[in-house]
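As structure tokens, the structure follows; a few thoughts come after it.
Protein chains: 2
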Amino acid sequence: MMSRVLKLSLSVGAIMAIAPNNPVRTVVAFSVIGYLITYSVIPRVGPSFVKIGLKGRDLSKRPPNPELPETMGLVAATTYLFLMFGLIPFIFFKYLVSFGSLANDEVMSENYKTQYQSIKDNKLFPHNKLAEYLSGILCLQSTTLLGLLDDLFDIRWRHKFFLPAVASLPLLIVYYVDFSVTSIVIPSFVTDFPSGSYLLSVVNSFVKFSNHLVTSITGLSFRTLQTDYVVPDQIPKLIDLGIFYYVYMSAVSIFSPNSINILAGVNGLEVGQSVVLALIFLVNDFCYLLSNNISQAAHDSHLFSVIFVVPFLGVSLALLQYNWFPARVFVGDTYCYFSGMVFAIVGILGHFSKTLMLFLIPQVINFMYSVPQLFHIIPCPRHRLPRFNAEDGLMYPSFGNLEKPTWLSTSILSILDAFKFIKLEKDPKSGKIKRFSNMTIINLCLVWFGPMREDKLCLLLLAIQFIVGLCMIVFRHTVGPWLFGYDNLSWGVK
Amino acid sequence: MMSRVLKLSLSVGAIMAIAPNNPVRTVVAFSVIGYLITYSVIPRVGPSFVKIGLKGRDLSKRPPNPELPETMGLVAATTYLFLMFGLIPFIFFKYLVSFGSLANDEVMSENYKTQYQSIKDNKLFPHNKLAEYLSGILCLQSTTLLGLLDDLFDIRWRHKFFLPAVASLPLLIVYYVDFSVTSIVIPSFVTDFPSGSYLLSVVNSFVKFSNHLVTSITGLSFRTLQTDYVVPDQIPKLIDLGIFYYVYMSAVSIFSPNSINILAGVNGLEVGQSVVLALIFLVNDFCYLLSNNISQAAHDSHLFSVIFVVPFLGVSLALLQYNWFPARVFVGDTYCYFSGMVFAIVGILGHFSKTLMLFLIPQVINFMYSVPQLFHIIPCPRHRLPRFNAEDGLMYPSFGNLEKPTWLSTSILSILDAFKFIKLEKDPKSGKIKRFSNMTIINLCLVWFGPMREDKLCLLLLAIQFIVGLCMIVFRHTVGPWLFGYDNLSWGVK
Chain A
1 MMSRVLKLSL SVGAIMAIAP NNPVRTVVAF SVIGYLITYS VIPRVGPSFV
51 KIGLKGRDLS KRPPNPELPE TMGLVAATTY LFLMFGLIPF IFFKYLVSFG
101 SLANDEVMSE NYKTQYQSIK DNKLFPHNKL AEYLSGILCL QSTTLLGLLD
151 DLFDIRWRHK FFLPAVASLP LLIVYYVDFS VTSIVIPSFV TDFPSGSYLL
201 SVVNSFVKFS NHLVTSITGL SFRTLQTDYV VPDQIPKLID LGIFYYVYMS
251 AVSIFSPNSI NILAGVNGLE VGQSVVLALI FLVNDFCYLL SNNISQAAHD
301 SHLFSVIFVV PFLGVSLALL QYNWFPARVF VGDTYCYFSG MVFAIVGILG
351 HFSKTLMLFL IPQVINFMYS VPQLFHIIPC PRHRLPRFNA EDGLMYPSFG
401 NLEKPTWLST SILSILDAFK FIKLEKDPKS GKIKRFSNMT IINLCLVWFG
451 PMREDKLCLL LLAIQFIVGL CMIVFRHTVG PWLFGYDNLS WGVK
Chain B
1001 MMSRVLKLSL SVGAIMAIAP NNPVRTVVAF SVIGYLITYS VIPRVGPSFV
1051 KIGLKGRDLS KRPPNPELPE TMGLVAATTY LFLMFGLIPF IFFKYLVSFG
1101 SLANDEVMSE NYKTQYQSIK DNKLFPHNKL AEYLSGILCL QSTTLLGLLD
1151 DLFDIRWRHK FFLPAVASLP LLIVYYVDFS VTSIVIPSFV TDFPSGSYLL
1201 SVVNSFVKFS NHLVTSITGL SFRTLQTDYV VPDQIPKLID LGIFYYVYMS
1251 AVSIFSPNSI NILAGVNGLE VGQSVVLALI FLVNDFCYLL SNNISQAAHD
1301 SHLFSVIFVV PFLGVSLALL QYNWFPARVF VGDTYCYFSG MVFAIVGILG
1351 HFSKTLMLFL IPQVINFMYS VPQLFHIIPC PRHRLPRFNA EDGLMYPSFG
1401 NLEKPTWLST SILSILDAFK FIKLEKDPKS GKIKRFSNMT IINLCLVWFG
1451 PMREDKLCLL LLAIQFIVGL CMIVFRHTVG PWLFGYDNLS WGVK
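These protein sequence lines map, in sequence, to chains A and B. Oh and the first sequence: position 183 is 183 in my numbering, straight run, nothing missing. Throughout, my numbering is defined as the position within the second sequence, counted from one, plus 1000.
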């Protein structure tokens, strides 16, 4: 008890000492506080969660499997949200006023007067950034609330798939009111292509027609307001997607949380992949923040990303320690939605949602690989977790039974088998497929690399995620510029 | 099913038809939608709530008392929150752009260009109002989340009393960043009093010292930025409360939800008093909105109040129909906190929190009357609900036993008895107090007006609330100006 209080006060002291005029250091200090709070609260509230029925047994362990608390992601999410509230004055006021606690009264008064004048002139105070920040937190809080409802009421799959879209409403609405950039950069090979400009004009007319339709029904218009997300001397060709940009953002906010929710079932994997993704995001952000030659808008949006991701990393690391093999708590859908939405928000408000998709490639592959089972083209058992073998304590791929083979299911399985993307068990006499390894990349890893212990499996998947992420950062800034004819990150000195 | 869909589409149609350029009519239409959604969702989700243990028996009914779903306020609160998301583009964009769905493309373009220019010049777009609005919703969502946690985990009294303060953090922080008005009007009798100005300077020095202390610890300064909440030609004497203004706002946000939570236990009372309070707020707001001679700031803050209160009225009326005698659902602490916080937010952001306290006088009296029992000066049984008599079906006052009379408890009870504010049962021989009616205004009503049926009792309490509210509006604009030397509402034509 005493040591925790000491730790907490030390970290609060650390904020006060290192905070002045550096948002990055402030969020690091907040992140440490978030880690300490989450780490100390989880063991205290666990029994209460078990008591009201938020509990589950770990099936990948030798008996007796005690009941473990579920939905512990709620603690991490709530801590995160209240930290983000606390950050507001430091991010949006202090650095502009820029007085330290050590400055004397006169200096402070002077600073204050300048600041006040700037506020009155509407020059300095970033109200629009504040609205974005608030809408981001609002979206995360909606996600947490809906995730909790899902964990409590076991909402049906086809309903819960769309919950993140509902939760992302405040984000999209504030984006509409406040930001309204709905144009995207067109790859240069499209404009260079002979019929490219013709194609573009067709798309343009279609967008214009759809916008007009929506406007005449709702009275809300869709037009791009600003396009300052490019370096001035490298203006690329843009296309305005209008209403479809909102459909796209909504799709991103649906995909990101659900894809993390699908890649789950191994101790530590949900939180682990989120931590790895957070690290990848930070590497990418600091590529921008440490560069000398980027636009103010790009700088702001990556600083924004750092502000959201660093405290997330803090609370997630605390949760990971309890969720890592052998797990003492489960994180629940609440955490998966929450974590996926953090990335979606950063990608959307930072206007780099395509880069976000690159980082989520393992999740994208896992989703696409799962599609035949998710849509019941191929039979899908209730659980697709790897099978635990109590004798050697290792995880083996789990199998589904192909009881009623159809033309479609047989051919999908055969094609996957030809490329070694699945393990099939065939009837020795007739040669018909009887069983197939469940279609998740978790099972695929076990098929490829053989049975292994749960924590080794998790580490392997996390390593893949990390390597893919790093490769995608390189890809983004080498192949990307070649495709699009420009990059918003340049490393040369001006 | 069909008729509901029809109703819904009709009301959506109604919005589109009547909405242009009138925020009041838009919120009325949203309120209707909120009513319909809440009304149709509650019976559908009730069984799921019972299933996960959110249930209770109504003890004031004849057996068999079936288990009724608890925490149904969650449906109302969630509906309200998503309606408030949907309102954003209508409140913050449409009326400024001010194009209707019927306007032709050229007019729209023209409007749009003007609007765009204004946004670029940072003249027109109310980003600061948007931040306030978002922080209000954020605060309400935090309240709902914490209220749900309270209903789920049965948080201890001394902890849950402060939950609203935690939930109100985003509000206070945005108020600090964005608004920072920390001065209040001083009653003119204080300044007219000979030693008044001396007293003020003492208070001023104390505030300055405390501000300095907080600033030197946290680096955040507390100074009033703007004082445009007064009519220019009637500038009254102001005093800057600095940091104490935030303590005060925090106290308001703690008191308002808890006071509604305490005045409860009769079918329909929690929702009923909220509906009555909402009506009183609206009467007060329209006094301002229909007046010709008020400042822009006063107009804006009362319009803000209407925008928050009208949709709240819609969802509450739907909930009231299920919660009214004989109740089919209970509302839970979630609703009490949520509803109290709506009023606190409106009062705080509208800068009329003192008027809010006037409207809450029945709750204030109930709280003060309850204090001796809440702080265990006088014994407090687990439940202080009125007692149901199954024979005649009426409610009777409930009694507590004075087992260990102390000097303090006996004298409190005797004084209350002298003014007929309590019913005592004494030992016929010794004359010692044995039992006393529990100290809530609900029991007091039963003591004064005799036993009555539950719905009559509720109606009586609501009628008192309504009459007190109306009197307070009159008081506010007659005695208030006399005390403070000015009123921000004047009914004369300029």
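Glycine is no exception: its CB is placed at the ideal position from the N, C-alpha and C atoms.
Best match in 1043/B, 1350/B, 1251/B and 1367/B for proximity to residue 1330/B [C-alpha to C-alpha]: 1043/B
Cα-Cα separation between residue 1103/B and residue 1023/B, rounded to whole angstroms: At residue 1103/B the pLDDT is 42, less than 50, meaning the model places this residue with poor confidence; the figure from the coordinates comes in the next sentence. Computed Cα separation, rounded: 19 Å.
Cβ-based neighbour list, residue 484/A, same chain, cut-off 8 Å, excluding 5 preceding and 5 following: 185, 186, 187, 188 and 236
Coil, strand or helix - residue 1282/B by DSSP: helix
is_contact[residue 1176/B, chain A] using C-beta, thresh 7 Å: yes
C-alpha distance - residue 253/A paired with residue 344/A, whole-angstrom precision: 5 Å
Within-7 Å CB hit, residue 473/A to chain B: no
Beta-carbon proximity list for residue 1362/B, same chain, < 8 Å, skipping 5 on both sides: 1263, 1273, 1441, 1461, 1464, 1465 and 1468
Residue 1132/B versus residue 1304/B: straight-line alpha-carbon distance, rounded: 10 Å
Best match in 197/A, 401/A and 74/A for proximity to residue 1145/B [C-alpha to C-alpha]: 74/A
Chain A contact for residue 1095/B (CB, 7 Å cutoff): Annotation note: pLDDT 40 at residue 1095/B (below 50); position unreliable, no value reported.
Within 7 Å, strictly: CB atoms of residue 1142/B and residue 1174/B: no
Proximal chain B residues relative to residue 89/A, where beta-carbon distance stays under 8 Å: 1173, 1176, 1177 and 1220
Cα-Cα separation, residue 510/A to residue 1068/B: Given that chain A is displayed from residue 1 to residue 494, the structure contains no residue 510/A and the question cannot be resolved.
Contacts that residue 1145/B makes with chain A (C-beta to C-beta distance below 8 Å): 78, 141, 144, 145 and 148
Inter-residue spacing [alpha-carbon to alpha-carbon] between residue 1090/B and residue 176/A: 11 Å
Residue from 395/A, 295/A and 373/A with nearest C-alpha to residue 325/A: 395/A
Coil, strand or helix - residue 462/A by DSSP: helix
Closest by C-alpha distance to residue 1181/B, when choosing among 1336/B, 1318/B, 1244/B and 1071/B: 1244/B
Coarse secondary structure for residue 1437/B, derived from DSSP in three states: strand
Contact under 7 Å by Cβ, residue 30/A with residue 81/A: no
Contact list for residue 1153/B against chain A, beta-carbon separation under 7 Å: 48 and 52
Identity of the residue in 1161/B, 1315/B and 1284/B nearest residue 1035/B by Cα: 1315/B
Sufficient close CB pairs (3 or more, under 8 Å) joining the region 391-409 of chain A to the region 281-288 of chain A: no
Within-7 Å CB hit, residue 1134/B to chain A: yes
Three-state secondary structure assigned by DSSP to residue 1204/B: helix
Per-residue DSSP class, three states only, for residue 47/A: helix
Residue 1030/B at chain A interface by Cβ criterion, 7 Å: no
Cα-Cα separation, residue 1038/B to residue 1319/B: 7 Å
Between the CA atoms of residue 472/A and residue 479/A - distance to the nearest angstrom: 10 Å
Validate contact between the region 1156-1173 of chain B and the region 1247-1261 of chain B using beta carbons, cut 8 Å, 3 pairs: yes
Candidates 1239/B, 1169/B and 1400/B, of which the one nearest residue 1199/B by Cα: 1239/B
C-alpha distance - residue 1364/B paired with residue 1357/B, whole-angstrom precision: 8 Å
Which of helix, strand or coil DSSP assigns to residue 240/A: strand
Per DSSP, the bridge partner or partners of residue 1454/B: BP columns for residue 1454/B are empty, so no partner.
Selected residue, minimal CA-CA separation from residue 307/A, among 203/A, 169/A, 86/A and 258/A: 86/A
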